[in-house]
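Asks: Protein sequence lines, in the order shown, are assigned to chains V and X. Under my numbering, the first sequence has 28 at position 28, and the numbering climbs by one with no breaks. Under my numbering, the second sequence has 71 at position 71, and the numbering climbs by one with no breaks. Quick reminder that beta carbons are idealized off the backbone N, C-alpha and C, glycines included.
Protein chains: 2
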Amino acid sequence: MDEYMEQIRSSGRRLTRQRKLVLEILNDSQEHLDADMIYDRAKSVDPNIGLATVYRSLALLKEIGLVQEHRLGENHGHFEKTQPTPHHHFTCLKCGRVIEFEAPQVIEAAYKLCENEGLQVTEMHLHLSGYCSQCHEGKLNCE
Amino acid sequence: MDEYMEQIRSSGRRLTRQRKLVLEILNDSQEHLDADMIYDRAKSVDPNIGLATVYRSLALLKEIGLVQEHRLGENHGHFEKTQPTPHHHFTCLKCGRVIEFEAPQVIEAAYKLCENEGLQVTEMHLHLSGYCSQCHEGKLNCE
DNA sequence: TTTACTGCAAAACATTTGCAATGAG
DNA sequence: CTCATTGCAAATGTTTTGCAGTAAA
């Protein structure tokens with residue numbers, strides 16, 4: 001955690017109470033929080049924090065690479081602390097559950113493909129949707 | 001094209017002038033249009049069409065599966081007619097160009113992985129960003 | 001004729017920005 | 001001290017909704 005704080009400082013930006021708090025909230029949560037959820041949790045610690053500050057902190061943390069933003073089917077962003085191993089997301093269209101999965105082969109294949117075309121890849125998002133095992137039980141398997 | 005119109009009808013919805021127009025616009029364009037671009041083009045044919053109708057038509061066409069929505073890094077949707085072969089998108093962070101690419105191995109691998117976990121996949125979005133060949137020329141290759 | 005669909009204007013969200021006050025370095 | 005950062009409120013941009021009128025079936 002402390003090394004993350006240091007990363008903020010060494011990016012030339014100031015390590016403020018608010019930025020620390022946003023990062024801590026993401027660090028403590030294994031879910032994919034949206035800006036409003038982060039704002040709510042932040043307010044319970046620091047009631048004076050503003051939503052704009054949450055957005056600005058998230059933008060900074062993304063810029064530094066400590067945080068990633070994902071679009072999980074809804075039209076607002078979800079945020080999570082950057083994980084050591086890249087992973088991807090599956091959203092159940094019925095229950096809304098988000099399942100994470102690793103897919104090294106997929107990542108590998110996509111990178112190679114792009115590099116062959118002269119593209120320099122800096123970010124990759126794989127998002128699937130459908131029905132999780134609980135939700136598609138009892139449904140026909142056709143389609 | 002006519003069979004698409006039929007698909008709207010057979011979904012139990014009405015085949016209106018406006019829905020036809022939105023579908024035609026997407027059919028005629030190889031780009032990834034956003035709602036506003038579609039609205040502009042639609043107005044040039046039918047000046048009375050409303051933006052809300054464009055959104056409602058897009059939602060219907062998505063529901064039927066004739067149209068797909070993608071998030072290409074910006075915070076609004078881009079739409080394209082569903083293609084026969086699934087494909088994916090790369091956005092250049094510098095020039096904004098969107099490059100499409102096919103990746104059967106990637107799709108295959110991701111599907112298999114999910115099915116092994118009991119997930120029924122209905123949709124898949126792979127989005128990469130980085131720098132296209134024109135834009136990363138002259139830059140250092142180290143990250 | 002019926003009622004799903006449209007256009008409009010207003011509402012609902014999501015996110016960003018201007019600015020005076022504040023606090024990190 | 002200094003100026004990057006904050007909180008607030010207002011602006012922006014995207015998408016949705018309520019409703020009376022219109023048109024597809």
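Are the segment 64-75 of chain X and the segment 117-136 of chain X touching by the rule of at least three beta carbon pairs closer than 8 Å?
Replies: Touching, yes, given that three or more Cβ pairs across the two stretches are closer than 8 Å.
Asks: State whether the segment 77-89 of chain X contacts the segment 86-101 of chain V, with contact taken as three or more CB pairs (one from each stretch) at a distance under 8 Å.
Replies: No: fewer than three Cβ pairs fall under 8 Å.
Asks: Measuring alpha carbon to alpha carbon, tell me which of V:Gln105, V:Ile99, V:Val98, V:Gly65 ends up nearest Gln83 of chain V.
Replies: The shortest C-alpha separation from Gln83 of chain V is found at V:Gly65.
Asks: Just verifying my parser: in three-state terms, what is the DSSP assignment at Thr53 of chain X?
Replies: Thr53 of chain X falls in the helix class under three-state DSSP.
Asks: List, in chain order, every chain X residue whose beta-carbon is nearer than 8 Å to that of Ile99 of chain V.
Replies: Under the 8 Å cutoff, chain X gives Glu117, Leu119.
Asks: If contact means a Cβ-Cβ distance below 7 Å, which residues of the segment 121-132 of chain V contact chain X?
Replies: If the cut-off is 7 Å between Cβ atoms, the segment 121-132 of chain V has Val121, Thr122, Glu123, Met124, His125, Leu126, His127, Leu128, Ser129, Gly130, Tyr131, Cys132 near chain X.
Asks: Are the beta-carbon atoms belonging to Ser147 of chain X and Arg19 of chain X less than 8 Å from one another?
Replies: Lying before the first or after the last residue shown, residue 147 of chain X is absent from chain X, which here runs from 1 to 143.
Asks: Could you tell me the boundaries of the beta strand (DSSP E) in which Gln68 of chain X lies?
Replies: Residues 67-70.
Asks: Which value, in whole angstroms, describes the spacing of the CA atoms of Ala110 of chain X and Tyr111 of chain V?
Replies: Roughly 14 Å between the two C-alpha positions.
Asks: What residue ranges within the segment 60-140 of chain X form continuous alpha helix (DSSP H) runs of no fewer than 4 residues, ordered along the chain?
Replies: Runs of the alpha helix (DSSP H) inside the segment 60-140 of chain X: 104-116, 133-136.
Asks: Return the bridge partner residues of Asp46 of chain X from the DSSP annotation.
Replies: Paired residue(s): none; Asp46 of chain X is not in a bridge.
Asks: Taking Gln68 of chain V as the reference, give the member of V:Arg41, V:Arg17, V:Asp34, V:Leu15 with the closest Cα.
Replies: Checking every option, the nearest Cα to that of Gln68 of chain V belongs to V:Asp34.
Asks: Applying the 10 Å Cβ sphere with the 16-neighbour rule, what's the burial state of Gln120 of chain V?
Replies: The residue in question, Gln120 of chain V, is buried, as its Cβ has 16 or more Cβ neighbours within 10 Å.
Asks: Strictly by DSSP, which residues pair up with Leu33 of chain X?
Replies: Its beta-bridge partners are X:Phe79.
Asks: When the cut-off is 8 Å and only beta carbons count, does Val147 of chain V lie next to chain X?
Replies: The first residue shown for chain V is 1 and the last is 143, placing residue 147 of chain V beyond what the model contains.
Asks: Which two residues bound the contiguous alpha helix (DSSP H) that contains Arg19 of chain X?
Replies: That run of the alpha helix (DSSP H) goes 17-28.
Asks: For the alpha helix (DSSP H) that contains Arg13 of chain V, what are its first and last residues?
Replies: From DSSP, Arg13 of chain V is part of no alpha helix (DSSP H); its letter is neither H nor E.
Asks: Report the three-state DSSP secondary structure of Met1 of chain V (helix, strand or coil).
Replies: Three-state DSSP puts Met1 of chain V in coil, outside helix and strand.
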